[in-house]
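Engineer: Per our numbering, residue 13 is the first one in the sequence shown, and the count goes up by one each step. We put the CB at the ideal spot given by N, CA and C, even for glycine. Quick one: the structure is below, and I'll ask about it shortly.
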Amino acid sequence: MAAMAKSRSRNNNSQTLLNSLLSKTESGTLTIGVVGLGYVGLPLAVEFARKGIRVHGIDVDAKKVASINRGKNYIQDVNSEWLREGFKAGLLTASTDFSVCAECDAVFICVPTPFTVNKDPDISYIISATEGVAASLKPGQVIILKSTTFPNTTEGYVQPILERSGMKAGRDYFLAFSPERIDPGNQKWHTGNTPIVVGGVTKECTEAACAVNKLIIDKVIPVSSPKVGEMEKLLENIFRSVNIALVNELAQLCDRIGGINIWEVVEAASTKPFGFMPFYPGPGIGGHCILIDPYYLSWAAREYDFVTNFITLAAEVNESMPFYVRAMIEREIARQPIRLEDATVLLLGVAFKRDVDDLRHSPALKVAELLMQDNVRNIEYYDPFISSFVINGRKFTSKKELTPEVLRAADVVVITTDHSAFDYEMIVAESKVVVDTRNACKPVSGEKSNVVLLGDGR
Ligand SMILES: NC(=O)c1ccc[n+]([C@@H]2O[C@H](COP(=O)([O-])OP(=O)(O)OC[C@H]3O[C@@H](n4cnc5c(N)ncnc54)[C@H](O)[C@@H]3O)[C@@H](O)[C@H]2O)c1
């Protein structure tokens, strides 16, 4: 009897805390905390401020914090005007100090989840961010982990840290996992109109986290647990990795067979109105997601004596692509009366994908590194989004402009990233040879023999 009464009073407690949070979400009077103000966290913070909700951003990077506190944007995808307005209205502030979490009703954790040199997960950022949040955890607060990670991170790692306080998820505070789906550079799908998934530790946790997310996101889909959320996010990214690997393999096969162009094959297959979704080959995959996330799952699977063959095979094929592109480039150098060491290679586009300023794990960097290993001394690049980068201590600086002279000076021009701003007509007209890894020259090159296209079977 006593135990039943105790459990009822706990349920009443969580219901009271939930009701209080729900009434704050209804009136828009809650305060949000966003830990990690990068590609994921900053758009989220700005979106809440735009809805008139007070937001405290927390980041260990003092430069980012100072920038927000001057109303200055530093993420390409974020609307600078919205950020400035949020700042001017006093709705958006930032700090390096976690103690501001004490003023927040809901805290999102959006910190990096990289891998180690051996490609094992590194959740140390999640751990330290959680410790920061735990220090001022208060009754009724909702903590939402957004960083992509392996199943059981929320309950197995985040929850125990938060509960050092003696509070219990679902009884005293609310805890959920809700993965991010932002696609930098995507003009159609953004934070507000991209549906998201929420999995709480208890039903009340899910309800609380859904209510907070619904303030800025049109469609919020509850799932039964954080583990389902963690796994579904990995499925989304592994799905892309596996399908890209498939076309990358077929591109190599088309080159081997000859006379079959993989791009035409994908275009033809795309005419099927059901059961097919196009993916395209390229110089490899990059960014902070598709390359890294699959490894999180293959690492976690090992604990269960399970080998994730699809993930491993996809990684093997995708990670072989920069090597394949290096061979294409060196073949084109070999056709010319010039030594490999003396050749000038011009890489066009080094960001990991079209029209973004994100260099993380870009395959173009790997291509440059491989050429350096082969002693190609003159490696140059042009990218309107990336002014410089460093590989093994060597600094590369972008050409100021892409001119006919710059193109003519190169022995091989390589389209590593197909930015829309490039003048492909000029590139094809002025270059000796173009190695096109993105099928970017197609509309202008026709059958021009100076364009060597990945997977065109020539
Ligand atoms: N970038 C994307 O397109 C994308 C899309 C979906 C999911 N994700 C996932 O979201 C997470 C964040 O990615 P991102 O691209 O925003 O990373 P990011 O590097 O752009 O931003 C992370 C921010 O967290 C800060 N940070 C690091 N440790 C911290 C700590 N202990 N306390 C407070 N701040 C800290 C960093 O200074 C940085 O500003 C990752 O798990 C990523 O896989 C990213």
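Going by the C-beta, is residue 194 closer than 6 Å to any heavy atom of ligand 1?
Structural biologist: Locating residue 194 in the sequence shown gives position 182, counting from the first residue. Because some heavy atom of ligand 1 lies under 6 Å away, the Cβ of residue 194 counts as near it: yes.
Engineer: Rounded to the nearest angstrom, what separates residue 70 and residue 288 at their Cα positions?
Structural biologist: One-based indexing of the sequence shown puts residue 70 at position 58. One-based indexing of the sequence shown puts residue 288 at position 276. Each residue's alpha carbon lies about 42 Å from the other.
Engineer: Could you spell out the range, first to last residue, of the alpha helix (DSSP H) harbouring residue 310?
Structural biologist: Position 298 of the sequence shown, counting from 1, holds the residue named residue 310. Residue 310 -> alpha helix (DSSP H) spans 305-314.
Engineer: Are there 16 or more other CB atoms within 10 angstroms of the CB of residue 247, so buried, or fewer, so exposed?
Structural biologist: Indexing the sequence shown from 1 puts residue 247 at position 235. Answer is exposed; the Cβ neighbour count stays below 16.
Engineer: Please report how far the alpha carbon of residue 98 lies from the alpha carbon of residue 58, in whole angstroms.
Structural biologist: Here residue 98 corresponds to residue number 86 of the sequence shown, with the count starting at 1. Here residue 58 corresponds to residue number 46 of the sequence shown, with the count starting at 1. Their backbone Cα atoms lie some 7 Å apart in a straight line.
Engineer: May I ask you to check if the CB of residue 221 is nearer than 6 Å to at least one heavy atom of ligand 1?
Structural biologist: In the sequence shown, counting from the first residue as 1, residue 221 sits at position 209. No.
Engineer: For residue 50, which residues in the same chain have their Cβ closer than 6 Å to its Cβ, ignoring the five residues on either side in sequence?
Structural biologist: Mapped onto the sequence shown, residue 50 falls at position 38. Here the set comprises nothing.
Engineer: Rounded to whole angstroms, how far is the Cβ of residue 122 from the Cβ of residue 45, which I believe are closer than 8 Å?
Structural biologist: Stepping through the sequence shown from its first residue, residue 122 is reached at position 110. Stepping through the sequence shown from its first residue, residue 45 is reached at position 33. That pair is no contact at about 11 Å.
Engineer: Roughly how many angstroms separate the alpha carbons of residue 404 and residue 90, rounded to a whole number?
Structural biologist: As a first step, residue 404 is located in the sequence shown; it is residue number 392 there, counting from the start. As a first step, residue 90 is located in the sequence shown; it is residue number 78 there, counting from the start. Taking the straight line from one Cα to the other gives about 32 Å.
Engineer: Can you tell me whether residue 159 is helix, strand or coil according to DSSP?
Structural biologist: By one-based count along the sequence shown, residue 159 stands at place 147. It is coil, neither helix nor strand.
Engineer: Could you pull the DSSP bridge partners for residue 237 from this structure?
Structural biologist: Walking along the sequence shown from the start, residue 237 turns up at place 225. Note: residue 237 sits in no beta bridge, so no partner.
Engineer: Take residue 135 and list the residues in its own chain whose beta-carbon comes closer than 7 Å to its own, dropping the five residues that flank it on each side.
Structural biologist: Locating residue 135 in the sequence shown gives position 123, counting from the first residue. Cβ within range, chain order: 125, 161, 165 and 169.
Engineer: How is residue 467 classed by DSSP in three states: helix, strand or coil?
Structural biologist: Taking the sequence shown and counting its residues from 1, one reaches residue 467 at position 455. Reduced to three states, the DSSP call for residue 467 is coil.
Engineer: Any chance you could list the beta strand (DSSP E) runs of at least 3 consecutive residues sitting entirely within the region 406-448, in chain order?
Structural biologist: As far as the region 406-448 is concerned, its whole beta strand (DSSP E) runs of at least 3 residues are 406-409, 424-427 and 446-448.
Engineer: Nearest to residue 66 by alpha carbon, out of 284, 103 and 31?
Structural biologist: Walking along the sequence shown from the start, residue 66 turns up at place 54. Taking only the C-alpha atoms, the option nearest residue 66 is 103.
Engineer: I'd like to confirm something about residue 50: is its beta-carbon nearer than 6 Å to some heavy atom of ligand 1, or not?
Structural biologist: Along the sequence shown, read from residue 1 onward, the residue named residue 50 stands at position 38. Yes; taking the cut-off as 6 Å, the Cβ of residue 50 has a heavy atom of ligand 1 nearer than that.
Engineer: Distance, Cα to Cα, residue 40 vs residue 60?
Structural biologist: Residue 40 sits at position 28 when you count from the first residue of the sequence shown. Residue 60 sits at position 48 when you count from the first residue of the sequence shown. Approximately 10 Å, taken between the alpha carbons.
Engineer: Is it the case that the Cβ atoms of residue 32 and residue 183 are separated by a distance below 7 Å?
Structural biologist: As a position in the sequence shown, residue 32 is number 20, starting the count at 1. As a position in the sequence shown, residue 183 is number 171, starting the count at 1. No; because the gap between Cβ atoms is not below 7 Å, this pair is not in contact.
Engineer: Closer than 6 Å to a non-hydrogen atom of ligand 1 - does that hold for the CB of residue 324?
Structural biologist: As a working mapping, residue 324 is identified with position 312 in the sequence shown. No, since every heavy atom of ligand 1 falls outside the 6 Å radius drawn around the Cβ of residue 324.
Engineer: Can you determine whether any heavy atom of ligand 1 sits closer than 6 Å to the C-beta of residue 47, and answer yes or no?
Structural biologist: Your numbering for residue 47 matches position 35 in the sequence shown. Yes, ligand 1 has a heavy atom inside 6 Å of this Cβ.
Engineer: For residue 95, collect the residues of the same chain with a Cβ closer than 6 Å to its Cβ; drop the 5 residues on either side in sequence, then sort them by chain order.
Structural biologist: Residue 95 sits at position 83 when you count from the first residue of the sequence shown. Contacts found: 58 and 85.
Engineer: Whose CA, out of 148, 28, 196 and 305, lies closest to the CA of residue 252?
Structural biologist: Taking the first residue of the sequence shown as 1, we reach residue 252 at position 240. Ranking 148, 28, 196 and 305 by Cα distance to residue 252 puts 305 first.
Engineer: Within 6 Å: the Cβ of residue 140 and any heavy atom of ligand 1?
Structural biologist: In the sequence shown, counting from the first residue as 1, residue 140 sits at position 128. Under cutoff, so the answer is yes.
Engineer: Quick one: grab the DSSP three-state call for residue 356.
Structural biologist: Against the sequence shown, residue 356 aligns to sequence position 344. Residue 356: strand per DSSP, three-state reduction.
Engineer: For residue 113, is the beta carbon positioned less than 6 Å from some heavy atom of ligand 1?
Structural biologist: Position 101 of the sequence shown, counted from the first residue, corresponds to residue 113. No, since every heavy atom of ligand 1 falls outside the 6 Å radius drawn around the Cβ of residue 113.
Engineer: Less than 6 Å between the CB of residue 71 and some heavy atom of ligand 1, yes or no?
Structural biologist: Taking the sequence shown and counting its residues from 1, one reaches residue 71 at position 59. Yes, Cβ of residue 71 sits closer than 6 Å to a heavy atom of ligand 1.
Engineer: Take residue 420 as the anchor and find which of 275, 445 and 142 has the nearest alpha-carbon.
Structural biologist: Locating residue 420 in the sequence shown gives position 408, counting from the first residue. Measuring from the Cα of residue 420, the nearest candidate turns out to be 445.
Engineer: I'd like the span of the beta strand (DSSP E) that includes residue 392, first residue to last.
Structural biologist: In the sequence shown, the residue the question calls residue 392 occupies position 380. Residues 390-394.
Engineer: Skipping 5 residues on each side, what residues in its chain have a beta carbon closer than 6 Å to that of residue 387?
Structural biologist: Indexing the sequence shown from 1 puts residue 387 at position 375. Answer for residue 387: 353, listed in chain order.
Engineer: For residue 205, count neighbouring Cβ atoms within 10 angstroms of its own Cβ and tell me buried if that reaches 16, exposed if not.
Structural biologist: The residue you call residue 205 lines up with position 193 of the sequence shown. Label assigned to residue 205: exposed.
Engineer: Straight-line CA distance for residue 224 to residue 286?
Structural biologist: Taking the sequence shown and counting its residues from 1, the one referred to as residue 224 is at position 212. Taking the sequence shown and counting its residues from 1, the one referred to as residue 286 is at position 274. Cα-Cα distance, rounded: 36 Å.
Engineer: Going by DSSP, what residues sit across from residue 67 in a beta bridge?
Structural biologist: Mapped onto the sequence shown, residue 67 falls at position 55. In the DSSP output, where bridge partners are listed per residue, residue 67 has 44 and 104.
Engineer: Identify whether residue 87 lies in helix, strand or coil by the three-state DSSP scheme.
Structural biologist: Translated into positions along the sequence shown, residue 87 becomes position 75. Residue 87: coil per DSSP, three-state reduction.
Engineer: Thinking C-alpha only, which one of 156, 301, 179 and 219 is nearest residue 365?
Structural biologist: For the purposes of this step, residue 365 is taken as the residue at position 353 of the sequence shown. Taking only the C-alpha atoms, the option nearest residue 365 is 301.
Engineer: For my contact list, residue 141 and residue 176 are in at a C-beta cut-off of 8 Å; report their separation, rounded to the angstrom.
Structural biologist: For the purposes of this step, residue 141 is taken as residue 129 along the sequence shown, with counting starting at 1. For the purposes of this step, residue 176 is taken as residue 164 along the sequence shown, with counting starting at 1. Rounded, the Cβ-Cβ distance is 15 Å, inconsistent with contact.
Engineer: Suppose only complete runs of 3+ residues qualify. What are the beta strand (DSSP E) ranges in the region 167-225, listed by chain order?
Structural biologist: Those beta strand (DSSP E) runs which fall completely within the region 167-225 and span 3+ residues are 186-189 and 208-212.
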